[in-house]
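Enquirer: The sequence shown begins at 35 in the numbering used here and counts up one residue at a time. Take a look at the following structure, please.
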Amino acid sequence: MAKERLYLFDTTLRDGAQTNGVDFTLADKLAIAGMLDELGIDYVEGGYPGANQTDTELFASERKFNSKFTAFGMTRRPGRSASNDPGLAALLEAKADAICFVAKSWDYHVRVALQTTEDENIASIRDSVRAAKAKGREVLLDCEHFFDGYKANPKFAMACAKAAFDEGARWVVLCDTNGGTLPHEIEKIVGDVVKIIPGDHVGIHAHNDTEQAVANSLAAVRAGARQIQGTLNGLGERCGNANLVSIIPTLKLKPEFADAVETGVTDAALKKLAQISYALDERLNRAPNRNAPYVGASAFATKAGIHASAIAKDPATYEHVLPESVGNRRKVLVSEQAGKSNVLAELERVGIKADKDDPRIGRLLDLVKEREAIGYAYEAADASFELLARRTLGKVPAYFDVVQFDVNVEQRINAKGERVTVTLAVVKLKVGDDDLISAAEGNGPVNALDLALRKDLGKYQKYIDDLKLTDFRVRILNGGTGAVTRVLIESEDAAGERWTTVGVSPNIIDASFQALMDSIIFKLVKSGAPA
Ligand SMILES: [Zn+2]
Numbered sequence: 035m036a037k038e039r040l041y042l043f044d045t046t047l048r049d050g051a052q053t054n055g056v057d058f059t060l061a062d063k064l065a066i067a068g069m070l071d072e073l074g075i076d077y078v079e080g081g082y083p084g085a086n087q088t089d090t091e092l093f094a095s096e097r098k099f100n101s102k103f104t105a106f107g108m109t110r111r112p113g114r115s116a117s118n119d120p121g122l123a124a125l126l127e128a129k130a131d132a133i134c135f136v137a138k139s140w141d142y143h144v145r146v147a148l149q150t151t152e153d154e155n156i157a158s159i160r161d162s163v164r165a166a167k168a169k170g171r172e173v174l175l176d177c178e179h180f181f182d183g184y185k186a187n188p189k190f191a192m193a194c195a196k197a198a199f200d201e202g203a204r205w206v207v208l209c210d211t212n213g214g215t216l217p218h219e220i221e222k223i224v225g226d227v228v229k230i231i232p233g234d235h236v237g238i239h240a241h242n243d244t245e246q247a248v249a250n251s252l253a254a255v256r257a258g259a260r261q262i263q264g265t266l267n268g269l270g271e272r273c274g275n276a277n278l279v280s281i282i283p284t285l286k287l288k289p290e291f292a293d294a295v296e297t298g299v300t301d302a303a304l305k306k307l308a309q310i311s312y313a314l315d316e317r318l319n320r321a322p323n324r325n326a327p328y329v330g331a332s333a334f335a336t337k338a339g340i341h342a343s344a345i346a347k348d349p350a351t352y353e354h355v356l357p358e359s360v361g362n363r364r365k366v367l368v369s370e371q372a373g374k375s376n377v378l379a380e381l382e383r384v385g386i387k388a389d390k391d392d393p394r395i396g397r398l399l400d401l402v403k404e405r406e407a408i409g410y411a412y413e414a415a416d417a418s419f420e421l422l423a424r425r426t427l428g429k430v431p432a433y434f435d436v437v438q439f440d441v442n443v444e445q446r447i448n449a450k451g452e453r454v455t456v457t458l459a460v461v462k463l464k465v466g467d468d469d470l471i472s473a474a475e476g477n478g479p480v481n482a483l484d485l486a487l488r489k490d491l492g493k494y495q496k497y498i499d500d501l502k503l504t505d506f507r508v509r510i511l512n513g514g515t516g517a518v519t520r521v522l523i524e525s526e527d528a529a530g531e532r533w534t535t536v537g538v539s540p541n542i543i544d545a546s547f548q549a550l551m552d553s554i555i556f557k558l559v560k561s562g563a564p565a
């Protein structure tokens, strides 16, 4: 049986822009639209032309995407004609392939919020769809509060949806605007709607207020809807929108959906999903959610000893899909409770050959336990674990030596009479027979030290040029004799590979220095730099 086409509509740049703390620039919007296009999303909703400067600029020029670039806005205001509504005019002028209107479909909102009649609300939908069609745009109608509206007055909610469809709107999108509807209710109501409007013209727009936006979207598809609206990483106001990063792999990898529908996302594009999810977080300067389904760093990480040994025999024993299919990877966590099997499985994964009877494996296990007891967290710092393992097995070259470093923090009054804090770090290195000294100023001691350390590594400089620190996390741990600081540093290179290193010390600069050193040495090992 031929599969039915299911369309994906991304609203990261419009509804996702409502997220607390998110503020997209024009450059952000264009970069994210490019990522969505690369992923194979059918519709990319760019924003609300006329609502703010960024969105107006975004829709002032032609944007060339394979995805249909979509402008969002309201239907004409009640009591006005379509030709005499500046908001609608701005929307019709926007350089977009499609227009997504939003309109009320709950009688209560029409009365209280809009203070108009049901007939006028429906006339406004008809007029607006007609005006956009006349402009040659593909038209979508978001029916706001559709599910609450349907429960209160099914006849009116349906009349709103039907009016748009009858005027030639390509899609009628049913919105769970408050996000409080449950999956079985969604399935039932969408089932009613597709008896009147064919499912291949019906979409779902779910919010996550009961943490079921993904489930609600899938319930709508089960009932016959053929468009899903959502955002990358579930961005959106309050609890967010339906997370396309979870929905897409479910549609593609779970037979119930994969056998019935197909999307514009290819298998090859699916393998970039984890990377795209990280790239968005990085652009927003947010730490990625480690527990995110499919793409999170912990999504395929196993800790307990018996699970790890089973995974080493056959991954399918504890994994619901292959991590590689979404661009993620399997990880066996090495922790205080680690058994030999964890250590061996992890060594194998990172490509270190080791004999299970090698006494050095036992020594490595003891080292991990000892160090975790004083605050190291190897399960969160895979690169530091790999280095510890390689060192124990005698496989890390002594690339360079830090002979001495010095960090000076000074607060003083500058020439303008302002109180400023200046940080200077000086690092003395020995690389082969060369003595190198680098100095750098930074916005703080760790930043200055990092800049100085990476400024001149002599013959190794070319291997670390593309090294970038992407996250820096500090935690104070209360040990028996006093507080110690644990620093976790996440790094990335031009190939998009990411790794985490750890340092522990009562002194935050010492702890940071250890983590920085591990990151640099890990990069040299990974790049195959000669000793
Ligand atoms: Zn919404």
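Even glycine gets a Cβ: it sits at the ideal position worked out from N, Cα and C.
Which residues in the same chain have their Cβ closer than 7 Å to the Cβ of Pro217, if we skip the five residues on either side of it in sequence?
Expert: Within the sequence shown, the letter at position 183 stands for residue 217. Within the same chain, Pro217 has close Cβ partners Gln246, Ala249, Asn250, Ala253.
Enquirer: Buried or exposed for Val377, please, with buried defined as at least 16 other CB atoms from any protein chain shown within 10 angstroms of its CB.
Expert: As a first step, residue 377 must be located in the sequence shown, where it is residue number 343. Label assigned to Val377: buried.
Enquirer: Is any heavy atom of ligand 1 found at a distance shorter than 8 Å from the C-beta of Glu426?
Expert: The residue you call residue 426 lines up with position 392 of the sequence shown. Sequence inspection shows Thr at residue 426; the Glu mentioned does not correspond to that position. Checking the Cβ of Thr426 against ligand 1 gives no.
Enquirer: On a Cα-Cα basis, can you pick out the residue from Pro112, Leu73, Gly121 that is closest to Asn86?
Expert: Translated into the one-based positions of the sequence shown, residue 86 becomes position 52. Considering only alpha carbons, the answer is Gly121.
Enquirer: State the start and end residues of the unbroken alpha helix (DSSP H) segment that holds Glu290.
Expert: If you number the sequence shown from 1, residue 290 lands on position 256. Counting along the chain, the alpha helix (DSSP H) containing Glu290 begins and ends at 289 to 292.
Enquirer: How would you label Leu47, buried or exposed, when you count the other beta carbons within 10 angstroms and need 16 or more for buried?
Expert: Within the sequence shown, residue 47 is the residue found at index 13, counting from 1. With 16 or more other Cβ atoms within 10 Å, it is buried.
Enquirer: Answer with buried or exposed for Leu138, where buried requires no fewer than 16 other C-beta atoms within 10 angstroms of its C-beta.
Expert: Start at 1 with the first residue of the sequence shown, and residue 138 comes out as number 104. Per the sequence shown, residue 138 should be read as Lys rather than Leu. Classification for Lys138: buried.
Enquirer: Only counting the same chain, and skipping five residues up and downstream in sequence, which positions put a Cβ closer than 7 Å to that of Ala101?
Expert: Taking the sequence shown and counting its residues from 1, the one referred to as residue 101 is at position 67. Residue identity check: residue 101 is Ser in the sequence provided, not Ala. Counting only Cβ-Cβ distances below 7 Å, and skipping sequence neighbours, we find Leu70, Asp71, Ile75, Asp76, Tyr77, Val78.
Enquirer: Suppose you measure from the CA of Ser158 to the CA of Pro349; what does that come to, to the nearest Å?
Expert: As a working note, residue 158 is residue 124 in the sequence shown. As a working note, residue 349 is residue 315 in the sequence shown. Approximately 56 Å, taken between the alpha carbons.
Enquirer: Would you kindly work out how many angstroms separate the C-alpha atoms of Val454 and Leu470, rounded to a whole number?
Expert: The residue you call residue 454 lines up with position 420 of the sequence shown. The residue you call residue 470 lines up with position 436 of the sequence shown. Answer to the nearest angstrom: the Cα atoms are 30 Å apart.
Enquirer: At the level of alpha carbons, what is the spacing between Val437 and Leu458?
Expert: Taking the sequence shown and counting its residues from 1, the one referred to as residue 437 is at position 403. Taking the sequence shown and counting its residues from 1, the one referred to as residue 458 is at position 424. For Val437 and Leu458, the distance between alpha carbons rounds to 17 Å.
Enquirer: Exposed or buried, what is Ala415 when buried is set at 16 or more other beta-carbons lying within 10 Å of its beta-carbon?
Expert: Counting from one through the sequence shown, the residue named residue 415 turns up at place 381. When all chains shown are included, Ala415 counts as buried.
Enquirer: If you draw a straight line from the C-alpha of Gly68 to the C-alpha of Phe99, how long is it?
Expert: Indexing the sequence shown from 1 puts residue 68 at position 34. Indexing the sequence shown from 1 puts residue 99 at position 65. Cα to Cα, the separation comes out at about 7 Å.
Enquirer: Could you pull out every residue in the same chain whose Cβ sits closer than 6 Å to the Cβ of Leu427, ignoring the five residues on either side in sequence?
Expert: Numbered from 1 along the sequence shown, position 393 holds the residue referred to as residue 427. Around Leu427: Arg394.
Enquirer: Tell me whether Ile408 is buried or exposed, calling it buried when 16 or more other Cβ atoms sit within 10 Å of its Cβ.
Expert: Within the sequence shown, residue 408 is the residue found at index 374, counting from 1. Exposed, by the Cβ-count rule.
Enquirer: Taking only runs of the beta strand (DSSP E) that begin and end inside the region 35 to 102, which ones reach a length of at least 3 residues, in chain order?
Expert: Here the runs fully enclosed are 41 to 44, 77 to 81.
Enquirer: Select from Gly81, Leu40, Ala65 the residue whose C-alpha is nearest the C-alpha of Gln52.
Expert: Numbered from 1 along the sequence shown, position 18 holds the residue referred to as residue 52. Closest by alpha carbon: Gly81.
Enquirer: Hey, how far is the Cα of Ala147 from the Cα of Ala545?
Expert: The residue labelled residue 147 in the question sits at position 113 within the sequence shown. The residue labelled residue 545 in the question sits at position 511 within the sequence shown. Whole-angstrom Cα-Cα distance: 56 Å.
Enquirer: May I ask whether a heavy atom of ligand 1 can be found less than 8 Å away from the beta carbon of Asp161?
Expert: For the purposes of this step, residue 161 is taken as the residue at position 127 of the sequence shown. Checking every heavy atom of ligand 1 against the Cβ of Asp161, none is found closer than 8 Å.
Enquirer: Below 8 Å on the Cβ atoms is my guess for Ala203 versus Val163; work out the distance and round it to an integer in Å.
Expert: Numbered from its first residue, the sequence shown carries residue 203 at position 169. Numbered from its first residue, the sequence shown carries residue 163 at position 129. Indeed they touch by this definition, with Cβ atoms about 5 Å apart.
Enquirer: With a cut-off of 8 Å, do at least 3 Cβ pairs link the region 264 to 274 to the region 236 to 243?
Expert: A contact exists between the region 264 to 274 and the region 236 to 243.
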